[in-house]
Amino acid sequence: MYEDRTDAALALIPLLKHYEGQNGIVLAIPRGGVPVAYPIAQVLHFPLDILLTKKIGHPNQKELAIGAVSLQGRILSRKIAVPADYIEAETARIQQLLREMYRRYRGEKRPADLAGNLVIVVDDGIATGQTLLASIELLRSRQPARLVVAVPVGPPEAIRRVAREVDELICPLVPKDFQAVGQFYRRFNQTSDEEVIDLLTRADHFSA
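The working numbering puts the sequence shown at residues 29 to 236.
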C-alpha cells in the first residue's frame, strides 16, 4: 500500500538508480503518471516529458480497440476489415486531439527526441496493460537505445505481458488480488491539469 503517488515514486527510485548518469528521458503517462515520474526524473537528472497515446475504436463498437495513435505514428493491432478512409480519418482526428493536449501541457515545446536514448516510461500503475502495450510498440518506432517501464503496482498477468515487450520492467508490488490501481493507494486523488503543467514546468528547470 502506498500513501500517495510521491510515496510510490520513492519506492521506484532505488530500483532505477543504476540508470543515473546515462543519456535518458522519463516519459510520464498523464495525468496520474506525472506525479510519480517527477521525483524519478529529478533524482536521475533526466528530462521529463509526457507520453500521449489514444486507441482507434472499431467503427461499429468504439470500445473495441483496433489500433492506437500517437503524435508520431499509428499501429493497427487487429486484422479486421475496416474501411481505409475510416482509419485515416480517425488517425487525423486523434492526432489533432493529441496535439491540443500536448500544447495544453507543454506549450510550444517540441516532443523529446528518443532515438539512441534510454527511455523510462512511468505510470501510477498498470491495470490491463493494453494501452501501454500499444504505446510501447509506437515508442519502438522512435528507436530508443533501451526501453524501460517503471510502475508501482500491477496484476501478475499484465506485468508478464508488458515485461515481454520491454528491456526491463520494474514493479515493486504485483498482488494476486488486484482489482484496480487505486486500491493500493491510501490517497489516489485525480491529478489535475494544473498539477501536470506545474510539475512539467519545474522539471524543465532542473533538467536544464
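Positions of the beta carbon are idealized from the N, C-alpha and C atoms, including for glycine.
Notebook entry, point to check: Quick one: is Ala-178 buried, meaning 16 or more other Cβ sit within 10 Å of its Cβ, or exposed?
Noted result: Residue burial annotation: Ala-178 is buried, with at least 16 other C-beta atoms found within 10 angstroms of its C-beta.
inquiry  = Measuring alpha carbon to alpha carbon, tell me which residue in Ala-56, Asn-51 and Glu-48 is nearest Ile-154.
reply    = When each option's Cα is compared against that of Ile-154, the closest is Ala-56.
Q. For the putative contact between Pro-183 and Ala-36, defined by C-beta atoms under 8 Å, what is the C-beta separation to the nearest angstrom?
A. Rounded to the nearest angstrom, the Cβ distance from Pro-183 to Ala-36 is 16 Å, too far for a contact under 8 Å.
Hey, could you find the ends of the beta strand (DSSP E) Gln-89 is sitting in? Segment 89-98, the beta strand (DSSP E) holding Gln-89.
* What residue ranges within the region 41-77 form continuous beta strand (DSSP E) runs of no fewer than 3 residues, ordered along the chain? -> You should have 52-56.
Which of the three DSSP states is assigned to Leu-104 in this structure?
Correct three-state label for Leu-104: strand.
- So which of Ala-96, Asn-88, Leu-125 and Gln-124 has the shortest CA-CA distance to Val-110? Residue Asn-88 is the option with its Cα nearest to Val-110.
- prompt: Is Arg-214 near Asp-32, with beta carbons less than 8 Å apart?
  reply: Their beta carbons are under 8 Å apart, which means Arg-214 touches Asp-32 by this criterion.
Return the bridge partner residues of His-86 from the DSSP annotation. In the DSSP assignment, His-86 forms a beta bridge with Gln-89.
Can you have a look at Ile-164 and say buried or exposed, based on whether 16 or more other CB atoms are within 10 angstroms of its CB?
Burial state of Ile-164 is buried, judged by a 10 Å Cβ sphere holding 16 or more other Cβ atoms.
Fill in: 7 Å Cβ shell around Asp-195 - same chain, five flanking residues per side excluded
Once the five neighbours on either side are set aside, the close Cβ partners of Asp-195 are Arg-174, Leu-175 and Val-176.
Q | Glu-128, DSSP secondary structure in three states | A | Helix.
Exercise. How should Val-90 be labelled, buried or exposed, when 16 other C-beta atoms within 10 angstroms of its C-beta is the threshold for buried?
Worked result: The sequence given here places Lys at residue 90; Val does not occur at that position. Classification of Lys-90: exposed, given that the 10 Å Cβ count is below 16.
Open item on the list: How far does the alpha helix (DSSP H) with Ala-191 in it extend, from its first residue to its last?
Closed with: Taken as a continuous stretch (DSSP letters only), the alpha helix (DSSP H) holding Ala-191 covers 184-191.
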